[in-house]
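As structure tokens, the structure follows; a few thoughts come after it.
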Amino acid sequence: MAATNTYSRVVAWVKVILPLLALALLSTLFLLSRTPDPNRAIPFAEVDVEELAREQRLGNPRIAGTLADGREVIFTADRAAPVVGNSDLIEAQQIEARLDLSPDSLLMVVAGNALFDLPGERADLGDDVHLTTSDGMHLRTDRLQFDLGASQVSSPGDVHVTGPGLDLTAGTMQASTVDGDNVVLFNNGVRVLYDPQN
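Quick note on our numbering: the sequence shown kicks off at 16 and runs consecutively.
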């Protein structure tokens, strides 16, 4: 019986002491706390909140589709937004694209910006466009136009192509698929340096 009384007394004291200890800890926390240092505060992202509220924008969008002949095309970007006044057009920045040329060959595209016409199945890439094929060919131009519906790619300006044993410059370029084969035409001041040993 004495053990039961001791246990009851300990429980009764613990019920009083623990809340008092919690209160003492909380009061110590508030009374001894220092004023916050604004230089050590967590930094906020420096964005224009009003601009974000005004415009519609996507971060890291990915657009995938297939050409008329069934080949896959994938475009990715850092950001994209519809053109004001024309929701069929989308502007994008920092573009990367992949196009399957054949079952064992692909084309990688990098550009600073792009304008996508979704209903027209067109893409206009600009700002230092780079194309690289899986077999080591590299093309550089200022502007590149994709007609996905017709499976055509063209550059209205100067192009520079390098690859194994090849250095080519031209004023314009057009690439298309003819009878299942990829055909590339260079025009306007074509200059070719070819090393057959490479």
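Even glycine gets a Cβ: it sits at the ideal position worked out from N, Cα and C.
On a predicted model such as this, the values are computed, not experimentally measured, just so you know.
Starting from residue i, trace the beta strand (DSSP E) in both directions and tell me its first and last residue.
i: ALA185; result: 181-185
i: ASN202; result: 196-202
i: VAL205; result: From DSSP, VAL205 is part of no beta strand (DSSP E); its letter is neither H nor E.
i: ASN128; result: 120-132
i: ASN139; result: In the sequence as presented, Asn is not what sits at residue 139; that position holds Asp. Looking at the DSSP string, the run of the beta strand (DSSP E) that includes ASP139 is 137-148.
By DSSP, does residue i sit in helix, in strand, or in coil?
i: SER170; result: strand
i: PRO76; result: coil
i: PRO97; result: strand
i: SER23; result: helix
i: ALA165; result: coil
Who are the Cβ neighbours of residue i in its own chain at under 6 Å, not counting the five residues just before and after it?
i: PHE201; result: ALA185, MET188
i: SER169; result: GLN160, GLN189
i: VAL144; result: ALA126, THR156, LEU159
i: LEU183; result: VAL176, VAL207
i: GLY164; result: GLU136
i: GLY141; result: ASN128, ARG158
i: GLU87; result: THR81, ASP115
i: GLU241; result: Lying before the first or after the last residue shown, residue 241 is absent from the chain, which here runs from 16 to 213.
Please return the same chain residues whose Cβ sits closer than 7 Å to the Cβ of residue i, not counting the five positions on each side in sequence.
i: PRO118; result: none
i: ASN54; result: none
i: VAL84; result: Note that residue 84 corresponds to Asp in the displayed sequence, not to Val. So the qualifying residues of the chain are SER166, THR192.
Got a sec? Which residues, its chain only, sit under 8 Å from residue i by beta carbon, not counting five neighbours each side?
i: ARG94; result: ARG72, LEU73, GLY74, ASN75, PRO76, ALA107, GLN108, GLN109
i: SER120; result: THR148, SER149, ASP150
i: GLN212; result: GLY180
i: GLY172; result: THR156, ASP157, ARG158, GLY186, THR187
Suppose you measure from the CA of residue i to the CA of residue j; what does that come to, to the nearest Å?
i: ILE89; j: SER166; result: 14 Å
i: LEU122; j: LEU208; result: 23 Å
i: VAL205; j: VAL199; result: 13 Å
i: SER23; j: LEU38; result: 23 Å
i: ASN203; j: SER191; result: 18 Å
i: ALA96; j: ASN197; result: 32 Å
Among the options, which has the Cα closest to the Cα of residue i?
i: ASP162; options: VAL144, ALA138, HIS153; result: ALA138
i: ASP115; options: VAL99, GLY195, GLY141; result: GLY195
i: ASP210; options: VAL198, GLU87, PRO179, VAL199; result: PRO179
i: HIS153; options: SER102, ASP142, PRO134, VAL174; result: VAL174
i: ALA92; options: ALA129, GLY80, ASP103; result: ALA129
i: ASP103; options: LEU41, PRO34, ARG24, GLY135; result: GLY135
i: ALA79; options: LEU133, LEU36, ALA96; result: LEU133
Looking at residue i and the ligand FMN, is the gap between the Cβ and the nearest heavy atom below 8 Å?
i: THR187; result: Absence of the ligand FMN is noted for the structure shown, with no ligands found whatsoever.
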